[in-house]
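Start counting the sequence shown at -11; every next residue gets the next number (the numbering used here). Okay, so here's the structure we're looking at.
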Amino acid sequence: QKDTVCKEMNFPTWTLPPGVHSQTLSQFFNKVQDLDRDFKTSSANVTIQNLIKLVDELMEAPGDIEALAPSVRHLIATQLLSNLEDILRILAKTLPEGPFTYLSPSNTELTLMIQ
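Below is the structure:
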């Protein structure tokens, strides 16, 4: 007899770095949290696709981020990549073993090898 234990999976909360004020980033973070709220383990691949689409949208229309100092933009980019990696690791735990590839409408390609 197998016992299945379901663990709740939550994305880390994305927050603006101290002293950074960006409506564009705040809206992006809210959309990521919406993905977390709507997440179902059976549709992790769809959640990954939607996450990549959100990142594409942010890159295509950075809004007020462009007005920030280069050092602040670098800090934001580093934080975004780190948070993105954290979420992808969480989502990968629900995918079957093997390769997962997604090509977004904006030609961003993401390939993961699930082990």
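The C-beta atom is built at its ideal place from N, Cα and C for all residues, glycine as well. The structure presented is a predicted model; accordingly, all values stated were derived computationally and were not measured.
Consult DSSP for residue i and reduce its assignment to one of helix, strand or coil.
{"i": "LEU56", "result": "coil"}
{"i": "PHE88", "result": "strand"}
{"i": "MET47", "result": "helix"}
{"i": "LEU83", "result": "coil"}
{"i": "ARG61", "result": "helix"}
{"i": "THR96", "result": "coil"}
Does the separation of the CB atoms of residue i and residue j fall below 7 Å?
{"i": "LEU4", "j": "LYS19", "result": "no"}
{"i": "LEU79", "j": "THR35", "result": "yes"}
With distances taken Cα to Cα, identify the nearest neighbour of residue i among the options.
{"i": "SER30", "options": "THR89, PRO84 and TYR90", "result": "PRO84"}
{"i": "PHE27", "options": "ASN(-2), TRP2, SER92 and LEU68", "result": "ASN(-2)"}
{"i": "SER94", "options": "LEU72, LEU46 and ILE64", "result": "LEU46"}
{"i": "ARG77", "options": "ASN33, THR12 and GLN11", "result": "ASN33"}
Please look up how many angstroms separate the CB atoms of residue i and residue j, rounded, as I've assumed it's under 8 Å.
{"i": "PHE88", "j": "ILE75", "result": "The pair is not a contact, with the Cβ atoms about 14 Å apart (cut-off 8 Å)."}
{"i": "ILE40", "j": "THR1", "result": "With 8 Å as the limit, ILE40 and THR1 do not qualify as a contact, their Cβ atoms being about 20 Å apart."}
{"i": "ASP44", "j": "SER92", "result": "5 Å"}
{"i": "ILE56", "j": "SER14", "result": "Here residue 56 is Leu; the residue named in the question, Ile, does not match the sequence. Incorrect: roughly 13 Å between the Cβ atoms, too far for contact."}
{"i": "TYR90", "j": "GLN37", "result": "5 Å"}
{"i": "THR12", "j": "PRO58", "result": "THR12 to PRO58, Cβ: 17 Å. No contact."}
Runs of 3 residues minimum, wholly inside the segment 0 to 33: which ones carry the beta strand (DSSP E) assignment? Those beta strand (DSSP E) runs which fall completely within the segment 0 to 33 and span 3+ residues do not exist here.
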